[in-house]
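A.B. asks: The following block contains the structure, expressed as structure tokens.
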Amino acid sequence: MASARIAKAFTRRSLTHRFTATRTQSLFCCQAHQMSTDASSAAARLSSSGFIRSQGFIGGKWTDAYDGKTIEVINPATGEVITNVSCMGARETNDAIASAQEAFISWSKVTAAERSKCLRKWYDLLMSHKEELGQLMTLEQGKPLKEAIGEVGYGASFVEFFAEEAKRVYGDIIPATLSDRRLFVVKQPVGVVGAITPWNFPLAMITRKVAPALACGCTVVVKPSELTPLTALAAAELSVQAGIPRGAVNVVMGNASEIGDALLASPQVRKITFTGSTAVGKKLMAGAAATVKKISLELGGNAPCIIFDDADLDVAVKGALASKFRNSGQTCVCANRVLVQEGIFEKFADAFSKAVENMKVGHGFTEGAVDVGPLINDAAVHKVESFVQDAISKGAKVLVGGKKHSLGMTFYEPTVLTDVKNEMILAREEIFGPVAPLQKFKTEEEAIRKANDTNAGLAAYIFTTNMQRSWRVSEALEYGLVGVNEGLISTEVAPFGGVKQSGLGREGSKYGIDEYLEMKYICMGNMN
Ligand code: NAP
Numbered sequence: 001m002a003s004a005r006i007a008k009a010f011t012r013r014s015l016t017h018r019f020t021a022t023r024t025q026s027l028f029c030c031q032a033h034q035m036s037t038d039a040s041s042a043a044a045r046l047s048s049s050g051f052i053r054s055q056g057f058i059g060g061k062w063t064d065a066y067d068g069k070t071i072e073v074i075n076p077a078t079g080e081v082i083t084n085v086s087c088m089g090a091r092e093t094n095d096a097i098a099s100a101q102e103a104f105i106s107w108s109k110v111t112a113a114e115r116s117k118c119l120r121k122w123y124d125l126l127m128s129h130k131e132e133l134g135q136l137m138t139l140e141q142g143k144p145l146k147e148a149i150g151e152v153g154y155g156a157s158f159v160e161f162f163a164e165e166a167k168r169v170y171g172d173i174i175p176a177t178l179s180d181r182r183l184f185v186v187k188q189p190v191g192v193v194g195a196i197t198p199w200n201f202p203l204a205m206i207t208r209k210v211a212p213a214l215a216c217g218c219t220v221v222v223k224p225s226e227l228t229p230l231t232a233l234a235a236a237e238l239s240v241q242a243g244i245p246r247g248a249v250n251v252v253m254g255n256a257s258e259i260g261d262a263l264l265a266s267p268q269v270r271k272i273t274f275t276g277s278t279a280v281g282k283k284l285m286a287g288a289a290a291t292v293k294k295i296s297l298e299l300g301g302n303a304p305c306i307i308f309d310d311a312d313l314d315v316a317v318k319g320a321l322a323s324k325f326r327n328s329g330q331t332c333v334c335a336n337r338v339l340v341q342e343g344i345f346e347k348f349a350d351a352f353s354k355a356v357e358n359m360k361v362g363h364g365f366t367e368g369a370v371d372v373g374p375l376i377n378d379a380a381v382h383k384v385e386s387f388v389q390d391a392i393s394k395g396a397k398v399l400v401g402g403k404k405h406s407l408g409m410t411f412y413e414p415t416v417l418t419d420v421k422n423e424m425i426l427a428r429e430e431i432f433g434p435v436a437p438l439q440k441f442k443t444e445e446e447a448i449r450k451a452n453d454t455n456a457g458l459a460a461y462i463f464t465t466n467m468q469r470s471w472r473v474s475e476a477l478e479y480g481l482v483g484v485n486e487g488l489i490s491t492e493v494a495p496f497g498g499v500k501q502s503g504l505g506r507e508g509s510k511y512g513i514d515e516y517l518e519m520k521y522i523c524m525g526n527m528n
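Mapped onto the UniProt record's numbering, the consecutive letters of the sequence shown carry residue numbers 1 to 528.
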């Protein structure tokens, strides 16, 4: 982790340096400058309306790091520093846990109907501030404003859904084995929850955890990514305005491993819920063993997108585009390998390449439709570049893109590669960038074997007009989510989660609330 943090710090410095160095040069600079003005005015507006918070949130109070340290939050599209936020560690986390524990005593006793009302109000506030939250997200994460506002709606939908589910946490009555007994099952909140979230969905990954936790009476300590803490802090402020008691939602950010270790070590934290890389997820799973915590993990994917000869070409192109290029390819459910049957390969490659060539790359605040924004930082660009170089060196051919975009900074061209083979790194690891590798296959069996030949098991997509095949292949795929003739499948009403090394547990839907509940069996004797 130390090396990851140093890499991030270096990335920050190099971005800031590069921004300053190139400001007076070339046409690109004029575009960047124009854009940076838009970003700056958005930042100024958000700051003056109180939307940009720079302190952590502990026990309902905005709090500096105890040693006064701060950390820069960078706009990935321009390299500019948006603000400096508190860089917290173990001591602040322990205080946040203590606040959450204190709040748990009362919040867990509030009626489900009251908790539901607070969550509903939080949903209303998130939605009524969707423009500001979207702008904040575009500033710190880079995704196009329309997509960012879309994420606010998606993120808020979990709050609305679990506001409703709060009232449906039912127990059971079990027919007794002895006539003088009555047997009951009640469900109770697990306790204080540590929620650790990534930068690619700065709001939705938080609400998908915090909403069900609050709905059933848990309290939370949220650790957002240090790259995107601002949306999390703004959402926390709105939670208090919604009437969720101070201390029920705490936010600490900064030194990830210190915060993580404090959450793991505390016996008061009864559950860790994590979304992020498989490597960090494994560390947290091992660390949670010491205090036997409940754990949910939403980890990385390596999604196959299978196009069969009998697919509707337009539907397949549209679906593959949506699943591959959303958030510049930086989602865990992005198509990572596009497997295309030989009979449709040429037609699909041609139509898909044309559609990719037409995608607009740009700054998130650009007027008009932008399809692809920047990557999160230099490290992400280097990773994508190295994967593409590895593929080319092993025989892949570039149909579209294949290099950094002329906009500079962390923009990368939407890319299509063909002649991709299994031994290439991008066929085996998560690309997390706008690169679509096309692989040819002959038979359905071969497609299933290739699709399942990975330790990941999050999302998979198939495109076919054959009803029997769609069932057969869906059932054979070792994945937690399958999209049939559809590239965008996430919704608050359906269970989201992976199998194999993509994770444990499910988020969203009626199943998602179980992750925050303990079951208690009560046996009442002497009842005659
Ligand atoms: P990451 O590096 O694992 O970081 C995720 C979170 O963990 C961040 O808040 C990070 O903090 C924190 N963290 C890092 N090291 C830690 C440690 N030792 N102890 C405790 N916390 C620690 O992942 P990422 O790069 O942000 O996100 C991309 C990954 O998330 C991809 O693999 C993607 O597939 C996965 N993802 C999965 C889902 C899903 O639902 N399955 C959804 C979205 C993303 P800092 O950022 O502050 O260092």
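For every residue, glycine included, the Cβ atom is placed at its ideal position computed from N, Cα and C.
For TYR170, count neighbouring Cβ atoms within 10 angstroms of its own Cβ and tell me buried if that reaches 16, exposed if not.
C.D. replies: On the sequence shown, residue 170 is found 170 positions in, with the first residue counted as 1. Result: exposed.
A.B. asks: Only counting runs of 3 or more residues, tell me where the beta strand (DSSP E) segments fall wholly within the region 294-323, in order along the chain.
C.D. replies: The qualifying runs are 294-298, 303-307.
A.B. asks: Within a Cβ cutoff of 6 angstroms, which residues of the same chain sit near GLN31, ignoring the five residues on either side of it in sequence?
C.D. replies: Taking the sequence shown and counting its residues from 1, one reaches residue 31 at position 31. Bear in mind that the predicted position of GLN31 carries a pLDDT of just 41, short of 50, making it unreliable; the figure below should be weighed with that in mind. Same-chain partners within the cutoff: there are none.
A.B. asks: Would you say the beta carbon of LEU504 is closer than 7 angstroms to some non-hydrogen atom of the ligand NAP?
C.D. replies: The count along the sequence shown starts at 1 and reaches residue 504 at position 504. The answer is no for LEU504.
A.B. asks: Should TRP199 be counted as a contact of the ligand NAP given a C-beta to heavy atom distance under 7 angstroms?
C.D. replies: Against the sequence shown, residue 199 aligns to sequence position 199. Checking the Cβ of TRP199 against the ligand NAP gives yes.
A.B. asks: Would you list, in sequence order, the uninterrupted alpha helix (DSSP H) runs of no fewer than 4 residues that lie entirely inside the region 324-374?
C.D. replies: You should have 342-357.
A.B. asks: Out of ALA65, GLU80, ILE71, ALA166, point me to the one whose CA is closest to ASP95's CA.
C.D. replies: For the purposes of this step, residue 95 is taken as the residue at position 95 of the sequence shown. Considering only alpha carbons, the answer is ALA65.
A.B. asks: Taking only the alpha-carbon atoms, compute the straight-line gap between VAL190 and GLY260 and give it to the nearest angstrom.
C.D. replies: The residue you call residue 190 lines up with position 190 of the sequence shown. The residue you call residue 260 lines up with position 260 of the sequence shown. Each residue's alpha carbon lies about 19 angstroms from the other.
A.B. asks: Is there contact here, the region 299-309 with the region 318-337, by at least three beta-carbon pairs under 8 angstroms?
C.D. replies: Output reads yes: the region 318-337 touches the region 299-309.
A.B. asks: Does the Cβ of LEU407 have 16 or more other Cβ atoms within 10 Å, making it buried, or fewer, making it exposed?
C.D. replies: As a first step, residue 407 is located in the sequence shown; it is residue number 407 there, counting from the start. Counting Cβ neighbours within 10 Å, LEU407 comes out buried, since at least 16 surround it.
A.B. asks: So, at 6 angstroms on beta carbons, what are the nonlocal neighbours of ASP310 in its own chain, with the 5 sequence-adjacent residues on each side left out?
C.D. replies: Position 310 of the sequence shown, counting from 1, holds the residue named residue 310. Within the same chain, ASP310 has close Cβ partners THR464, THR465, ASN466.
A.B. asks: Ends of the beta strand (DSSP E) at TRP62?
C.D. replies: As a working note, residue 62 is residue 62 in the sequence shown. 61-63 is the span of the beta strand (DSSP E), which, as asked, contains TRP62.
A.B. asks: Thinking SER277 and GLY300 are a contact (beta carbons under 8 angstroms), I'd like their distance in whole angstroms, please.
C.D. replies: Translated into positions along the sequence shown, residue 277 becomes position 277. Translated into positions along the sequence shown, residue 300 becomes position 300. Correct: roughly 6 angstroms between the Cβ atoms.
A.B. asks: Among the residues of its own chain, which have a CB less than 7 angstroms from the CB of LEU27, if the five just before and after it don't count?
C.D. replies: Numbered from 1 along the sequence shown, position 27 holds the residue referred to as residue 27. Confidence at LEU27 is low in this model, with a pLDDT of 30, below 50, so the placement of that residue is unreliable and no value is reported for it.
A.B. asks: Looking at the structure shown, is ALA447 part of a helix, part of a strand, or coil, going by DSSP?
C.D. replies: Within the sequence shown, residue 447 is the residue found at index 447, counting from 1. Reduced to three states, the DSSP call for ALA447 is helix.
A.B. asks: Going by DSSP, what residue range makes up the alpha helix (DSSP H) through ILE489?
C.D. replies: As a first step, residue 489 is located in the sequence shown; it is residue number 489 there, counting from the start. Neither: ILE489 is in no alpha helix (DSSP H) and is coded neither H nor E.
A.B. asks: Going by the beta-carbon positions, is the gap between ALA290 and LEU313 smaller than 8 angstroms?
C.D. replies: Your numbering for residue 290 matches position 290 in the sequence shown. Your numbering for residue 313 matches position 313 in the sequence shown. It is not a contact, given that the beta carbons lie outside the stated cut-off.
A.B. asks: Just reading off the beta strand (DSSP E) that PRO189 is part of, what are its end residues?
C.D. replies: For the purposes of this step, residue 189 is identified with residue 189 of the sequence shown, where counting begins at 1. Taken as a continuous stretch (DSSP letters only), the beta strand (DSSP E) holding PRO189 covers 182-189.
A.B. asks: On the CB-based measure, 16 or more other CB atoms within 10 Å of its CB, does ILE241 come out buried or exposed?
C.D. replies: If you number the sequence shown from 1, residue 241 lands on position 241. Here residue 241 is Gln; the residue named in the question, Ile, does not match the sequence. Its Cβ having fewer than 16 others within 10 Å, GLN241 is exposed.
A.B. asks: Would you kindly check if the distance between the Cβ of GLU515 and the Cβ of PHE158 is under 8 angstroms?
C.D. replies: Position 158 of the sequence shown, counted from the start, is the residue given in the question as residue 158. Position 515 of the sequence shown, counted from the start, is the residue given in the question as residue 515. Their beta carbons are not under 8 angstroms apart, which means PHE158 does not touch GLU515 by this criterion.
A.B. asks: Going by DSSP, what residue range makes up the alpha helix (DSSP H) through ASN94?
C.D. replies: One-based indexing of the sequence shown puts residue 94 at position 94. 90-107 is the span of the alpha helix (DSSP H), which, as asked, contains ASN94.
A.B. asks: Check whether the Cβ atoms of PHE162 and LEU133 lie closer than 8 angstroms to each other.
C.D. replies: The count along the sequence shown starts at 1 and reaches residue 162 at position 162. The count along the sequence shown starts at 1 and reaches residue 133 at position 133. No, the Cβ-Cβ distance between PHE162 and LEU133 is not below 8 angstroms.
A.B. asks: For the alpha helix (DSSP H) containing SER54, list its first residue and its last residue.
C.D. replies: Position 54 of the sequence shown, counted from the first residue, corresponds to residue 54. It is not in any alpha helix (DSSP H) - SER54 carries neither H nor E in the DSSP assignment.
A.B. asks: For LEU227, name the three-state secondary structure that DSSP assigns.
C.D. replies: Residue 227 sits at position 227 when you count from the first residue of the sequence shown. In this structure, LEU227 counts as coil in the three-state DSSP scheme.
A.B. asks: First and last residue of the alpha helix (DSSP H) that includes PRO212?
C.D. replies: Residue numbering aside, residue 212 sits at position 212 when the sequence shown is read from its first letter. It spans 204-215 - the alpha helix (DSSP H) in which PRO212 sits, taken as one unbroken run.
A.B. asks: What separation, rounded to the nearest whole angstrom, lies between the Cα atoms of ALA39 and VAL73?
C.D. replies: Residue 39 sits at position 39 when you count from the first residue of the sequence shown. Residue 73 sits at position 73 when you count from the first residue of the sequence shown. Near 13 angstroms, if we compare the C-alpha coordinates of VAL73 and ALA39.
A.B. asks: When DSSP labels each residue in this structure, what does THR70 get in the three-state scheme?
C.D. replies: Residue mapping note: residue 70 aligns to position 70 of the sequence shown, counting from 1. Looking at THR70 - three-state DSSP - the assignment turns out to be strand.
A.B. asks: Sorted by chain position, which residues of the same chain lie with C-beta nearer than 6 angstroms to ALA447's C-beta, five sequence neighbours on each side aside?
C.D. replies: For the purposes of this step, residue 447 is taken as the residue at position 447 of the sequence shown. Only ILE306, LEU339, PHE441 meet the Cβ criterion.
A.B. asks: Please find out if some non-hydrogen atom of the ligand NAP comes closer than 7 angstroms to the beta-carbon of GLU72.
C.D. replies: To locate residue 72, count along the sequence shown from 1; it is residue 72. No.
A.B. asks: Is LYS523 close to the ligand NAP? I mean its beta-carbon at under 7 angstroms from any heavy atom of the ligand.
C.D. replies: Translated into the one-based positions of the sequence shown, residue 523 becomes position 523. As written in the sequence, residue 523 is Cys, which differs from the Lys given in the question. Incorrect: CYS523 has no Cβ contact closer than 7 angstroms to the ligand NAP.
A.B. asks: How would you call MET519, buried or exposed, if buried means at least 16 neighbouring beta carbons within 10 angstroms?
C.D. replies: The sequence position of residue 519 within the sequence shown is 519, counting from 1. Under this definition MET519 is an exposed residue.
A.B. asks: Nearest to ASP172 by alpha carbon, out of CYS216, SER179, LEU178, LEU183?
C.D. replies: For the purposes of this step, residue 172 is taken as residue 172 along the sequence shown, with counting starting at 1. Here the closest residue by C-alpha is LEU183.
A.B. asks: To which residues of the same chain is ILE522 closer than 7 angstroms at the C-beta, ignoring the five residues directly before and after it?
C.D. replies: Here residue 522 is taken as the residue at index 522 of the sequence shown, counted from 1. Closer than 7 angstroms at the Cβ level, and outside the excluded window around ILE522, lie PHE184, VAL186.
A.B. asks: With distances taken Cα to Cα, identify the nearest neighbour of ASN526 among ILE71, ARG181, ILE392, LYS404.
C.D. replies: What you label residue 526 is simply residue 526 of the sequence shown in a count that begins at 1. The candidate whose alpha carbon is nearest that of ASN526 is ARG181.
A.B. asks: Can you look up PHE411 in the DSSP assignment and give me helix, strand or coil?
C.D. replies: Here residue 411 corresponds to residue number 411 of the sequence shown, with the count starting at 1. PHE411: coil per DSSP, three-state reduction.
A.B. asks: When the Cα atoms are used, what is the spatial distance from SER353 to PRO434?
C.D. replies: As a first step, residue 353 is located in the sequence shown; it is residue number 353 there, counting from the start. As a first step, residue 434 is located in the sequence shown; it is residue number 434 there, counting from the start. Their Cα atoms are separated by approximately 13 angstroms.
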